[in-house]
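*Asks:* If you scroll down you'll find the structure; I have some questions about it.
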Amino acid sequence: MQRFEIYRPGLRLAFALALMFGLVSTAFAQEQDEPEDGASEQAASDSGPLNRSLVWTGAGERSLSQQFPEAAVWLELEEGDRALGLLYPEARSPARGAVLVLSDEGETAASGVAGQLAAGLASRGWAVLTLGLESPSPVLQQILMRPVVERPATEADAGDPAPTESVMIDVMASESADDLEARYRNRISQALEAGLALLVERGYETPALLGIGRAGIHVTNHLLDGADASALVWVAPQFYPADRQELSDRLESLDKALLELQPSEAGGKEPDWSVGKMLLRAGVEGFERQPVPWFNPPSEGLGDAVASRVAAWLESL
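327 is the number that the working numbering gives the last residue of the sequence shown; the numbers go up by one with no jumps.
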């Protein structure tokens with residue numbers, strides 16, 4: 011009994027230290043397991059329903075506005091949303107016109123070819139407004155890249171119809187996918203509309219529209235939907251399967267000049283179903299195609315080389 015009394019204070023101290031160590035270890039483990047705010051939002055976006063998979067992070071717009079404070083302009087969109095544009099005034103007067111540039115998918119208003127291209131056009135007397143194009147979420151990317159499959163007529167007339175529940179699920183999934191894609195495209199269209207309006211407000215009448223890579227379809231859709239633009243330019247365009255299938259037919263009604271700058275490295279490797287080849291075969295009026303040197307990743311002089319081609323073509327119209 012006496013020995014127990016002697017060691018009891020030491021036992022109490024050891025127990026207290028063990029308890030404190032356990033609490034600290036648990037808190038540390040929880041902190042390590044918690045993702046950062048941005049990663050948490052992205053994870054919720056990718057794992058949630060389709061209608062929550064489109065999350066606009068701004069494509070670094072806030073930091074970009076701080077990096078280019080004199081060029082940054084905020085475009086007001088619907089529902090209190092906004093998009094950042096970078097405005098490059100013409101370097102010499104009088105201005106030859108204006109060009110609205112939409113960057114390639116995943117690029118900001120200044121990255122990739124867009125920034126170099128804008129600087130090159132501005133030095134040649136053209137005012138330029140550049141917009142970034144944020145990458146779609148993984149779910150939306152799968153929707154946009156899905157192949158176009160025509161359902162055989164015999165499938166619809168099969169003797170044993172699919173269960174009603176399965177049909178309802180397929181319809182609901184299709185509607186959710188269509189809604190997600192529509193909202194993505196609509197926001198881009200809003201940014202293009204606001205960008206054209208800004209240039210007109212600054213005194214530039216009927217600017218030209220230019221899309222780089224995946225942006226080609228968005229500027230094209232905007233023009234075909236009635237946008238007031240003087241011309242259309244594609245720079246190394248890439249189109250989603252559904253867009254590519256119908257584009258040549260839709261462009262037959264285009265009443266504006268269209269220039270495609272196709273990377274010369276494609277050469278004979280270009281597939282026969284490329285939009286450019288289809289337009290050439292269809293004899294679309296006002297369509298012109300020129301090869302342009304291309305480097306991946308873009309070199310410092312690539313944007314200026316593209317700007318030289320674009321400026322010369324626009325001045326020839």
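C-beta atoms are modelled at their ideal positions from N, C-alpha and C, and glycine is treated no differently.
Please return the same chain residues whose Cβ sits closer than 6 Å to the Cβ of Leu202, not counting the five positions on each side in sequence.
*Replies:* Taking the first residue of the sequence shown as position 1, residue 202 is located at position 192. Once the five neighbours on either side are set aside, the close Cβ partners of Leu202 are His232.
*Asks:* Return the first residue and the last residue of the alpha helix (DSSP H) that Gly107 is part of.
*Replies:* Mapped onto the sequence shown, residue 107 falls at position 97. Per DSSP, Gly107 belongs to no alpha helix (DSSP H); it is in the beta strand (DSSP E), Gly107 to Glu115.
*Asks:* To which residues does DSSP link Gly95 through a beta bridge?
*Replies:* As a working mapping, residue 95 is identified with position 85 in the sequence shown. For Gly95, which the question treats as bridged, DSSP gives the partners Val83 and Leu141.
*Asks:* Can you give me the C-alpha to C-alpha distance between Leu289 and Glu100, rounded to a whole angstrom?
*Replies:* Sequence index remark: in the sequence shown, residue 289 carries index 279 (1-based). Sequence index remark: in the sequence shown, residue 100 carries index 90 (1-based). Using only the alpha carbons, I get a separation of about 33 Å.
*Asks:* Tell me which same chain residues have a C-beta within less than 7 Å of the C-beta of Ala124, skipping the five on either side of it?
*Replies:* Here residue 124 corresponds to residue number 114 of the sequence shown, with the count starting at 1. Counting only Cβ-Cβ distances below 7 Å, and skipping sequence neighbours, we find Val111, Ser113, Glu117, Thr140 and Ile222.
*Asks:* Do you know how far the Cα of Pro104 is from the Cα of Pro273?
*Replies:* Stepping through the sequence shown from its first residue, residue 273 is reached at position 263. Stepping through the sequence shown from its first residue, residue 104 is reached at position 94. Using only the alpha carbons, I get a separation of about 32 Å.
*Asks:* Quick one: grab the DSSP three-state call for Trp244.
*Replies:* Start at 1 with the first residue of the sequence shown, and residue 244 comes out as number 234. Note: Trp244 maps to strand in three-state DSSP.
*Asks:* Since I believe Trp84 is in contact with Gly107 (beta carbons under 8 Å), could you give me their beta-carbon distance rounded to a whole number of angstroms?
*Replies:* As a position in the sequence shown, residue 107 is number 97, starting the count at 1. As a position in the sequence shown, residue 84 is number 74, starting the count at 1. Wrong, their Cβ atoms sit about 24 Å apart, outside the cutoff.
*Asks:* Note down the Cα distance separating Gly311 from Gly293, rounded to an integer number of angstroms.
*Replies:* Position 301 of the sequence shown, counting from 1, holds the residue named residue 311. Position 283 of the sequence shown, counting from 1, holds the residue named residue 293. Answer to the nearest angstrom: the Cα atoms are 33 Å apart.
*Asks:* For a test of the three-state rule: what should DSSP assign to Leu190, helix, strand or coil?
*Replies:* Indexing the sequence shown from 1 puts residue 190 at position 180. It is helical.
*Asks:* DSSP state of Leu327, grouped into three classes?
*Replies:* Numbered from its first residue, the sequence shown carries residue 327 at position 317. Looking at Leu327 - three-state DSSP - the assignment turns out to be coil, as it is neither helix nor strand.
*Asks:* Which two residues bound the contiguous beta strand (DSSP E) that contains Val302?
*Replies:* Here the question's residue 302 lines up with position 292 in the sequence shown. Its beta strand (DSSP E) spans residues Phe297 to Val302.
*Asks:* With 16 other CB atoms within 10 Å as the buried threshold, where does Ala119 fall?
*Replies:* The count along the sequence shown starts at 1 and reaches residue 119 at position 109. Buried, since its Cβ has 16 or more Cβ neighbours within 10 Å.
*Asks:* Identify which residue in Ser309, Phe249, Leu268 and Arg224 has its Cα closest to the Cα of Val145.
*Replies:* Your numbering for residue 145 matches position 135 in the sequence shown. A quick correction: the sequence has Ser, not Val, at residue 145. With distances taken between Cα atoms, Ser145 lies closest to Arg224.
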